[in-house]
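Protein chains in written order, with this note's numbering: chain A, 1 to 392; chain B, 1001 to 1321.
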């Protein structure tokens, strides 16, 4: 796609939420149905601004709940439109039922999740308990480390969703990303419009021949639908990579399924979201001092980038897996459980330390990262392998 | 919405020859014999020349018409969930508008959201309210069989006072349902909805005219259709239309419309039949006809008369203005 190469870009100072709103404005979106919730609010406010000024040319539907936000997006997608919403925390929990409907109907819907803790106790700050509660709802789940990556991934999400007939969520950490101003190199409107194009033709409620959607399925057929859906999700990585590659030609930025720092280090910290940057900076310092530590930052969680993750384990002795959510009563946090089951399935043995940290906006500084790296380096045979860090 | 030129385009249904003869519901669906809601759906769909998009809430009509790999719907149709047909329909309507603006859609279709009383009065009320307030151009149809029939006759807020259901059983302490039916029309009208009406499957010309009138409006409209369920109300399948008719003739279910806030009784009932004529056909009210429950019956008659008077008062006051 040569015509996309070396496009005009513009460096702007944007919050993560604003970057997402610009991505939506540029992406030929037909329908935004959304309900405000901290820390997602700026996304919908900016899209409303764009709609008011004529810069956003789709329909903006200010629904009365997140449940209706996803319901309206489903209706829009069934009519053949490109639909987007954004939410967080309680809002994601409220639309939980509809997440399964969207994916089960195989609808290409995009959503930004401004990750935030779940009530109770009420907390508006960042962690990943919201998305982890919905991780099995059949959505492709992508994670951004910074505002620019959130911008890029939202633009890509439309292409991915429409190619694999699955909904795509782009996760960005509440406040840390949503409300922090960062330099973001935006592509020109023309470049993005050219990249996303218009949604490809699919069966819809607008077809001349009447079609039925959302039928009831009995035990003779239900599992076939689910198996098909599962296979599509697992196999979507190929398409995601293609879209990322095509976007990289346009922007020079290829975020990929995971980012590895310190490849082959003895200790690797496995992370999701914005705190990976802190771990990486710390690892760099420690590496300069001769320590064997590195970071794997996952950009995709669903589909789990199995091959790429296993490739990153060459020479690694210890995986310290950092969860910002709790699976109460489970053997480990959800990310750690994912990794452990992957290792076991492939018969790969690594020392695993599952850490739960950063809940409800609890900070994670370089000194914290260093403490944890050191613990992983020194962990002997009787070390504690699943614990909360930073709650004291 | 006043002065909407689209209004002049609708034609009242005066005879069977003026309806669309094309069936929009294929035979072979799995609804019970004598199903009131299915009669309602057939009448609604054949009121219109154009094929509407129908968004069904979960419920009897949905499960009986759409078991994979079969669908009885000969119009574009979708089901998503129980409580959100108004929200899904909102998305369809907004999407059609967006696609039309982009030149990718020639014509917007009428959008009909279809839900039972549970999906409207109870679990779907918020989504309905939101859609009405936002002003989407859609017809929301509530087929009212006065309980959760799909799950086995549990009471809803549309179940009338005194009726037996499996969760409002009759016993020494309970008279059947102890609460009165929610005034859904009042709630809808309070939104400033341009057109809202009640209808009964027994009065098909009135029903079909109201569908046409509703669809011709440039905004949200509401049709509350009385649709008896012989399984839940405990009557013979052959009596479905008769029960619906008697509900109107006893003033139990008044037929009226509210157009831009103006009330009009479309089927006046000057001399009502005794309420017992309606109740006696149905097992769900059989206890009310026993002497020990005469007080409960009296109370129900009072509720029916009060509802009738209120609607007629609203209609006549406005007629005088």
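Heads up, the beta-carbon is just placed ideally off N, CA and C, and yes, glycines get one too.
Could you check if residue i is buried or exposed, using at least 16 other CB atoms within 10 Å of its CB as the buried criterion?
i	result
residue 1233(B)	buried
residue 5(A)	Because residue 5(A) sits at a pLDDT of 44, beneath the cut-off of 50, its placement in the model cannot be relied upon, and the following sentence gives the value as read from the coordinates. It counts as exposed.
residue 1210(B)	buried
residue 1089(B)	buried
residue 1245(B)	buried
residue 1111(B)	buried
residue 116(A)	buried
residue 1015(B)	exposed
residue 282(A)	buried
residue 1295(B)	exposed
residue 1218(B)	exposed
residue 1050(B)	exposed
residue 1256(B)	buried
residue 222(A)	exposed
residue 244(A)	buried
residue 1101(B)	exposed
residue 37(A)	buried
residue 141(A)	buried
residue 288(A)	exposed
residue 348(A)	exposed
residue 233(A)	buried
residue 1166(B)	exposed
residue 356(A)	buried
residue 119(A)	exposed
Identify which residue in the options has its Cα closest to the Cα of residue i.
i	options	result
residue 206(A)	1145(B), 1227(B), 1061(B), 1095(B)	1095(B)
residue 26(A)	139(A), 216(A), 156(A)	156(A)
residue 1022(B)	1109(B), 1047(B), 1058(B)	1047(B)
residue 59(A)	1093(B), 1218(B), 1138(B)	1093(B)
residue 235(A)	219(A), 281(A), 300(A)	300(A)
residue 144(A)	389(A), 95(A), 114(A)	114(A)
residue 265(A)	170(A), 366(A), 291(A)	291(A)
residue 1231(B)	1034(B), 1083(B), 1253(B)	1034(B)
residue 186(A)	204(A), 148(A), 284(A)	148(A)
residue 1224(B)	1080(B), 1118(B), 1056(B), 1144(B)	1144(B)
residue 1156(B)	1301(B), 1181(B), 1318(B)	1181(B)
residue 214(A)	1055(B), 1043(B), 1019(B)	1055(B)
residue 78(A)	94(A), 101(A), 61(A)	101(A)
residue 33(A)	15(A), 383(A), 81(A)	81(A)
residue 1200(B)	1013(B), 1226(B), 1214(B)	1226(B)
residue 1204(B)	1039(B), 1030(B), 1011(B), 1078(B)	1039(B)
residue 179(A)	247(A), 358(A), 17(A)	17(A)
residue 1282(B)	1113(B), 1238(B), 1135(B)	1238(B)
residue 1259(B)	1242(B), 1235(B), 1196(B)	1196(B)
residue 24(A)	218(A), 190(A), 47(A)	47(A)
residue 1037(B)	1053(B), 1077(B), 1116(B)	1116(B)
residue 1236(B)	1059(B), 1215(B), 1284(B), 1266(B)	1284(B)
residue 1058(B)	1073(B), 1041(B), 1080(B), 1075(B)	1080(B)
residue 1265(B)	1188(B), 1075(B), 1104(B), 1315(B)	1315(B)
residue 393(A)	1208(B), 1065(B), 1165(B)	Here chain A comprises residues numbered 1 to 392, so residue 393(A) is not present and cannot be evaluated.
residue 318(A)	28(A), 238(A), 95(A), 350(A)	350(A)
residue 11(A)	306(A), 280(A), 181(A)	181(A)
residue 329(A)	377(A), 386(A), 296(A), 310(A)	386(A)
residue 30(A)	84(A), 99(A), 103(A)	84(A)
residue 323(A)	15(A), 388(A), 381(A)	388(A)
Per DSSP, what are the beta-bridge partners of residue i in this structure?
i	result
residue 300(A)	142(A)
residue 1101(B)	DSSP, once it has assigned bridges, lists no residue as partnering residue 1101(B).
residue 169(A)	111(A), 141(A)
residue 1259(B)	1195(B), 1262(B)
residue 213(A)	1078(B)
residue 99(A)	Answer is none; residue 99(A) lacks a bridge partner.
residue 1168(B)	1165(B)
Inside the stretch 1273-1305 of chain B only - beta strand (DSSP E) runs reaching at least 3 residues: Entirely contained in the stretch 1273-1305 of chain B, not one beta strand (DSSP E) run reaches 3 residues.
Sufficient close CB pairs (3 or more, under 8 Å) joining the stretch 151-169 of chain A to the stretch 208-228 of chain A: Flag = no, the stretch 151-169 of chain A and the stretch 208-228 of chain A do not touch.
Within the stretch 1175-1236 of chain B, ranges of the alpha helix (DSSP H) (whole runs, at least 4 residues): List check, alpha helix (DSSP H) in window: 1184-1189, 1204-1215, 1230-1233.
Contiguous beta strand (DSSP E) assignments of at least 3 residues, all confined to the stretch 366-392 of chain A: Counting whole runs of 3 or more residues, the stretch 366-392 of chain A contains the beta strand (DSSP E) stretches 386-388.
Inter-stretch contact (C-beta, 8 Å, three-pair minimum) for the stretch 1126-1139 of chain B and the stretch 1063-1072 of chain B: The stretch 1126-1139 of chain B vs the stretch 1063-1072 of chain B: no contact.
The stretch 1134-1143 of chain B / the stretch 1259-1274 of chain B touching (three or more Cβ pairs under 8 Å): No, the stretch 1134-1143 of chain B is not in contact with the stretch 1259-1274 of chain B.
Those runs of the alpha helix (DSSP H) which lie wholly inside the stretch 28-65 of chain A and span at least 4 residues: Every unbroken stretch of the alpha helix (DSSP H) spanning 4 or more residues and falling wholly within the stretch 28-65 of chain A is given here in chain order: 41-53.
Sufficient close CB pairs (3 or more, under 8 Å) joining the stretch 365-373 of chain A to the stretch 130-142 of chain A: The answer is no - the stretch 130-142 of chain A does not touch the stretch 365-373 of chain A, with fewer than three Cβ pairs under 8 Å.
Any 3 or more C-beta pairs closer than 8 Å across the stretch 193-212 of chain A and the stretch 266-275 of chain A: Between the stretch 193-212 of chain A and the stretch 266-275 of chain A there are fewer than three C-beta pairs closer than 8 Å, too few to call the two in contact.
The stretch 334-349 of chain A contacting the stretch 369-379 of chain A, beta-carbon criterion three pairs below 8 Å: Under the 8 Å Cβ criterion, the stretch 334-349 of chain A does not count as touching the stretch 369-379 of chain A, having fewer than three qualifying pairs.
Runs of alpha helix (DSSP H) wholly within the stretch 276-323 of chain A (minimum 4 residues, chain order): Those alpha helix (DSSP H) runs which fall completely within the stretch 276-323 of chain A and span 4+ residues are 276-288, 306-311.
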